[in-house]
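Have a look at the structure below, then the notes.
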Amino acid sequence: MKLLVYGAGVLGSYLAHVLVRGGHEVTMLARGKRAQQLQTDGLVIRHYFQRKTTVDEVNVIQTLSSEDGYDLIFVVMKYNDFPSVLPILAANQSSHIVLVGNNADAYGMLNFLNEHCVVPKHVVFGFQLSGGLREESGRIICIRGGGQMILGSLGGEIPFKPLLEQAFQHASYKLTYQNDMDAWLKSHIVPIVALNSVSYLNGGDLKKAAKDKKLLKQAISVMDEGFTVLEKSGYTIIPASPFTFIRKYRRLAYLALKLYHHLPFAKWVDGSFAEILALYDSFEPLKDQSTVATPQWDDLKKRAVARFMGE
Ligand SMILES: NC(=O)c1ccc[n+]([C@@H]2O[C@H](COP(=O)([O-])OP(=O)(O)OC[C@H]3O[C@@H](n4cnc5c(N)ncnc54)[C@H](OP(=O)(O)O)[C@@H]3O)[C@@H](O)[C@H]2O)c1
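Here's what the structure looks like:
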């Protein structure tokens with residue numbers, strides 16, 4: 004199959020590796036220095052737990068023209084980066100698109116693509132369960148168990164499931180389908196903003212964050228408030244277990260958070276506060292609509308934003 008991975012960062016790089024190893028013709032859309040690194044050195048990934056380094060050859064493009072056709076396009080980037088590429092995707096002749104990453108506005112993005120497309124678009128939303136970071140040299144450090152993506156469309160059945168299955172047929176990678184992907188994505192935002200704020204307010208020093216009892220406890224309250232906002236807004240919390248756990252076992256949740264911040268690989272999971280801020284902002288209308296009191300959420304957001312603005 005002819006596949007495009009649009010966005011050559013941490014998660015897009017691992018996805019491209021999986022698809023190359025699955026026997027497909029894979030092109031990556033990369034910008035500037037990243038494009039050069041891929042062309043010169045190939046796609047270099049250090050698989051942290053697997054203790055191996057892989058190098059793959061990929062085709063590299065720097066722009067997507069309207070005539071370039073692909074069987075599937077995976078767009079893998081930060082939530083706040085998606086809007087700039089939606090017009091380019093809409094103008095392109097390919098029909099099957101998977102938007103991969105945190106997403107608070109799946110319906111908005113789908114509507115944009117449907118309204119502006121030159122050919123009918125079939126859009127699926129995904130979240131790849133891996134993490135890592137990109138080194139200055141371009142080498143990706145990839146943190147994962149087995150490769151896995153959670154996937155779902157916004158209207159019931161995935162319209163191009165056979166194509167997706169074919170793309171991963173010979174790859175060691177699991178596709179997990181989710182019926183209510185919008186609810187899954189919204190539920191996922193809650194722990195993401197809380198945990199990233201804890202790390203951000205500690206300057207990325209996770210050992211320091213692990214000792215910040217007050218902040219860790221606040222993060223648990225923030226998650227409780229965020230999940231309650233979603234629940235009151237009519238969303239199903241998916242998966243339900245984190246919500247149940249923090250409500251029932253607060254002390255255990257605190258210990259689990261403390262432990263997580265001590266894990267050696269936790270520091271290898273990269274985040275960007277610009278994305279977290281966009282995700283925080285996406286919750287404002289939901290909070291207003293639900294009328295749930297969110298004092299801990301508001302305080303954490305205010306402190307993290309103040310730090311961001313001061314940088
Ligand atoms: N990294 C992690 O540990 C991790 C873990 C769990 C979830 N996630 C989530 O997964 C999603 C993707 O994260 P990531 O870490 O892979 O992000 P990333 O490393 O920042 O990669 C995004 C890539 O998209 C490219 N890009 C952005 N805007 C573009 C545009 N307009 N045109 C072309 N390319 C563009 C960036 O280009 P440049 O190279 O030029 O910047 C970058 O290479 C995010 O929602 C993130 O929160 C990440």
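Note that our numbering has the sequence shown beginning at 4, numbered continuously upward.
Where is the CB? At the ideal position from N, CA and C, for every residue including glycine.
Item, Value
"With 16 other Cβ atoms within 10 Å as the buried cut-off, status of LEU32", "buried"
"Exposure label - VAL121; buried when at least 16 CB within 10 Å", "exposed"
"Per DSSP, the bridge partner or partners of PHE230", "DSSP, once it has assigned bridges, lists no residue as partnering PHE230."
"Residue of ALA94, GLN221 and MET184 minimising C-alpha distance to GLY159", "MET184"
"Beta-bridge pairing of TYR180 - partner residues as DSSP gives them", "LEU154"
"heavy atom of ligand 1 below 7 Å from LEU41 C-beta", "no"
"8 Å CB neighbourhood of VAL272 in its chain, flanking five on each side removed", "GLY134, GLY135, LEU136 and ILE146"
"Reference LYS321, options SER202, LEU204 and ARG254, closest by Cα", "This structure does not reach residue 321, given that the chain is present from 4 up to 314, and the question cannot be answered."
"Cβ contact (3+ pairs, closer than 8 Å) linking the region 87–96 and the region 57–64", "no"
"Opening and closing residue of the beta strand (DSSP E) in which PHE128 lies", "125–131"
"Whole-number beta carbon distance between LEU132 and GLN151, since they are thought to touch under 8 Å", "4 Å"
"Close beta carbons around SER97, own chain, < 6 Å, minus the five adjacent residues each side", "GLY72, TYR73 and ILE76"
"Best match in GLU168, TRP187 and TYR180 for proximity to THR239 [C-alpha to C-alpha]", "TRP187"
"Distance CB(ALA307)-CB(SER200) smaller than 8 Å", "yes"
"Proximity to SER293 [Cα-Cα], best of PHE130, THR231, GLN42 and SER244", "THR231"
"Pairwise C-alpha distance: GLU118 and LEU260", "43 Å"
"The region 95–109 touching the region 37–53, judged by at least three CB pairs closer than 8 Å", "no"
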